[in-house]
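The block underneath contains the structure these notes are about, expressed in structure tokens.
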Amino acid sequence: MSPINQCACALNQCACALNQCACALNQCACALNQCACALNQCACALNQCTCALNQCTCALKQCACALNQCVRALNQYARALNQCARAPKQCARALNQCVCALNQCVFVIFDQLSLYLVLIFYLVLCFCCTETALH
Numbered sequence: 013m014s015p016i017n018q019c020a021c022a023l024n025q026c027a028c029a030l031n032q033c034a035c036a037l038n039q040c041a042c043a044l045n046q047c048a049c050a051l052n053q054c055a056c057a058l059n060q061c062t063c064a065l066n067q068c069t070c071a072l073k074q075c076a077c078a079l080n081q082c083v084r085a086l087n088q089y090a091r092a093l094n095q096c097a098r099a100p101k102q103c104a105r106a107l108n109q110c111v112c113a114l115n116q117c118v119f120v121i122f123d124q125l126s127l128y129l130v131l132i133f134y135l136v137l138c139f140c141c142t143e144t145a146l147h
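Put into structure tokens, the structure is as follows:
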């Protein structure tokens, strides 16, 4: 084979090798693009996961707040029931005090009436004695 043919063959082999290299580089670029796309999808999924966790945290806080309000309401209800339970006892004590006061009032009235009756009796007696003495 002549040197020119050998050179041409070598150049063809070189061109073929360069084409294969370019093809490999294109495949590499394509793979890098796919990798970047996959990384973007991963970042998006992580963002969605973070968002979901934040919503879950917020929902748990709202739930805890609602439970605290429920506990406060139950405590108020228990206090109201205790007050209701004490009310009849307080009412009974007040009625007893009222009856006691009325008894004292009746005693004072009868005491005063008896005093006035004794006084009237002595006045009538004195009047009768005076009338008898004058006649």
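Take any residue in the sequence shown, note its place counting from 1, add 12, and you have its number in our numbering. Idealized CB from N, CA, C, for every residue including glycine.
Using only the alpha-carbon positions, how far apart do residue i and residue j sit?
i	j	result
residue 117	residue 130	20 Å
residue 78	residue 53	37 Å
residue 119	residue 86	50 Å
residue 51	residue 45	10 Å
residue 25	residue 16	14 Å
residue 47	residue 32	22 Å
residue 113	residue 122	14 Å
residue 99	residue 110	16 Å
residue 96	residue 81	22 Å
residue 90	residue 64	39 Å
residue 107	residue 141	50 Å
residue 30	residue 49	28 Å
residue 13	residue 19	10 Å
residue 132	residue 143	16 Å
residue 27	residue 21	10 Å
residue 128	residue 88	58 Å
residue 101	residue 92	15 Å
residue 37	residue 55	27 Å
residue 61	residue 69	12 Å
Consult DSSP for residue i and reduce its assignment to one of helix, strand or coil.
i	result
residue 126	helix
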